[in-house]
Amino acid sequence: MPGRTDSSATTDSSDAQPPGSDPRPVHPTDTTGTAPAASTARLPAEQPRSRLTRLLPTRTPYRRQLRRIGAGRVLEIGCGDGDTLAGCAPGSVGIDHDPQAVARCRTRGLTACTPAAFLAGPHARPGAFDALLSAHILEHLDDEQAESLLRAYLPYVRPGGAAVLITPQEAGHRAGPDPVRFTDFPLLRAFAESAGLTVRRTYSHPLPRPAGLLLRANAFVLIAQVPA
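Residue numbers for the sequence shown follow the numbering used here, beginning at 681 and rising by one.
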């Protein structure tokens, strides 16, 4: 089950421990039919960044790592206002449940759409993208929803392509809006493997793992490969 803890998982940093507070109740959504639209229906809006966060390269796992693995065209799930999408290669597409966020992306000249529009549009072609990016999304979903989200969008990534999954560490988890549960390295690995991905690397960014206790921007990053 995706909710298990894999103590044998190899990571660049030590695995996290769940925060002391009780997990928040799950608010399930209907994951039948158009799974992407249902899975992203309750995602929160982007939060303003602190002064310290603005001084750190907090968004480089989105951009630098995508370039480092030769991601090419990226399908970003939960693109918000397009800050990451703007740094992706031509042909990249962002998906967000918020039509206003999609509109703001488009005013920046970016390609973005709602889940329903993506499924009905010309970009939803098998293998059309080189990588999938899901940043600060999975912690808001339960096991079934997270697996549904990944399985729904991974077919649009080419065989041998990449998946980049990012979730907040303790400080970010406490400050974030309505997370379902703490999604650390073992749980990220479980989600990836349940979706048929091969995990290639995990690491803490932008600072080493202990900083996540205090720094909201510190995040778990997992790099995986789509089966060839």
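C-beta: ideal position from N, C-alpha, C; glycine also.
{"Query": "Based on the DSSP secondary-structure assignment, which residues constitute the bridge partners of HIS885?", "Result": "ALA899"}
{"Query": "Any idea if ARG753 is buried or exposed, counting beta-carbon neighbours within 10 angstroms, 16 or more meaning buried?", "Result": "buried"}
{"Query": "Can you tell me which of ALA781, ARG889, SER874 and PRO770 puts its alpha carbon nearest to the alpha carbon of GLN825?", "Result": "SER874"}
{"Query": "Is it right to say ARG744 is buried, meaning 16 or more other beta carbons lie within 10 angstroms of its own, or is it exposed?", "Result": "exposed"}
{"Query": "So, is ASP858 buried or exposed, given that buried needs 16 or more other C-beta atoms within 10 angstroms?", "Result": "exposed"}
{"Query": "Considering only DSSP beta bridges, list what CYS793 is partnered with.", "Result": "ILE775"}
{"Query": "Give the range of the beta strand (DSSP E) segment to which ARG838 is assigned.", "Result": "837-848"}
{"Query": "Which one or two residues does DSSP pair with VAL926 in a beta bridge?", "Result": "Shown here, the chain extends from 681 to 908; a query on residue 926 therefore has no answer."}
{"Query": "Could you tell me if ARG881 is buried or exposed, where buried requires 16 or more neighbouring beta carbons within 10 angstroms of its beta carbon?", "Result": "exposed"}
{"Query": "Which residues in the same chain have their Cβ closer than 6 Å to the Cβ of ALA855, if we skip the five residues on either side of it in sequence?", "Result": "ARG896"}
{"Query": "Could you tell me which residues DSSP pairs with SER874 in its beta bridges?", "Result": "Note: SER874 sits in no beta bridge, so no partner."}
{"Query": "Can you tell me whether PRO806 is buried or exposed, with buried defined as 16 or more other CB within 10 angstroms of its CB?", "Result": "exposed"}
{"Query": "If we count the other Cβ atoms within 10 Å of its Cβ and call it buried at 16 or more, is PRO888 buried or exposed?", "Result": "exposed"}
{"Query": "Rounded to the nearest angstrom, what separates ALA811 and TYR836 at their Cα positions?", "Result": "9 Å"}
{"Query": "Candidates ARG838, ASP761, ALA908 and GLY771: which alpha carbon is nearest CYS785's?", "Result": "ASP761"}
{"Query": "Assign ALA811 to one of three DSSP states: helix, strand, or coil.", "Result": "strand"}
{"Query": "Roughly how many angstroms separate the alpha carbons of GLU756 and PRO890, rounded to a whole number?", "Result": "28 Å"}
{"Query": "Just verifying my parser: in three-state terms, what is the DSSP assignment at LEU765?", "Result": "helix"}
{"Query": "Quick check on THR691: buried or exposed, where buried means 16 or more other Cβ atoms within 10 Å of its Cβ?", "Result": "Note that THR691 scores 40 on pLDDT, short of 50, meaning its location in the model is unreliable and no value can be drawn from it."}
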